[in-house]
Amino acid sequence: MRRIPLLLFSLPALATLGLFVLYPFLDVLRFSTWEWSGLSEPKPVGLRNYRDLLQDPAFWGSLWVTLKFWLLALPPFLGLSLLLAFLLEGTPYERLAKGLLFLPGLVTLGGATLSWYTLFTPEYGALASFLPIPPWDREGFWALVMVVVFTLWRHLGYGVLVASARLKAIPKTLLEAAYVDGAGPLEALRYVVLPLMRPAVAFLVVVGTILSLQSYAAVFLLTRGGPYGATRVLGYYLYEAGFENFRLGYAAALTVVILLLTLFFAYAQLRLLRYGEE
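Under full-length UniProt numbering, the first residue of the sequence shown carries the number 1, and numbering increases by one thereafter.
Shown next, in the form of structure tokens:
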């Protein structure tokens, strides 16, 4: 009988979840079995969109670009979040520094990309006369690096706040006990602090992976997938398929694949981190 009131109290949240998450996902699954441009009459094709997707070199190329983006973005995001949280802990300017780090995430994405483009364009950017800016508008590697740096600039403050919150939750008595037992600062950091930071590390790894696999807006506004497809991540390839080539059924199938890849990588990373704890 006690479960009935709990279920009633949960109904608003469950209804919202079903309306805005479950129902759209089921619609995407339905669209992925259609050949549909958005204007023509939908034609059921079964799993043909998935077969075409797996045989499409452009899909595998965009997947490879996304993995490179993930490899370039995740280690600095994780490492800098932890390092800055450690360095700022207990300093007089801790709150000010964290506020400044978090500020880029509050700026509108369009305004942020416009300012970066104005400042860092190699030919006529405001900083091009003072700094050796690589030709990221012509060379694929530097274009990908530019998108990675922009993404870190936008989200690093959030990572620092997460790491700092976990750091403050570590009981000071554990560190004091470690110092009494003869541990130095490095030993206390390695054997006490870092193991207790695992929940924050796991969360940041999953968040960084999701940001990498579902990145789109920064690529769209900074590079448009160029030069020569060097920054065409899966999210931007999805946009091209659906809204430039009008293959909405194919784009829906790609959406399902991106979701499955995101869930797989997030689950695998959590399993690895939990295995390390054991």
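Note that the Cβ used here is the ideal one computed from N, Cα and C, for glycine as well.
For clarity, every value in this text was computed on a predicted model and none was experimentally measured.
| Check | Outcome |
| --- | --- |
| Any 3 or more C-beta pairs closer than 8 Å across the segment 19-34 and the segment 238-258 | yes |
| Meets three-Cβ-pair contact criterion under 8 Å: the segment 172-179 and the segment 82-100 | no |
| DSSP-derived helix/strand/coil call for Pro44 | strand |
| 8 Å contact criterion, which Leu213 and Leu234 should meet: CB distance rounded | 7 Å |
| Pair within 8 Å by beta-carbon distance, Thr209 and Phe265 | yes |
| Residue interval of the alpha helix (DSSP H) (run including Ile210) | 198-213 |
| Nearest to Leu270 (by Cα), restricted to the options Gly184, Tyr50, Val219, Val206 | Val206 |
| CA-to-CA distance, Tyr158 to Leu222, given in whole angstroms | 22 Å |
| Spatial neighbours of Gly242 in its chain, beta-carbon cut-off 7 Å, leaving aside the 5 residues before and after | Leu248, Ala251 |
| Rounded straight-line distance, which links the Cα of Tyr267 to that of Leu83 | 25 Å |
| Leu74 versus Ser215 - alpha carbon distance | 13 Å |
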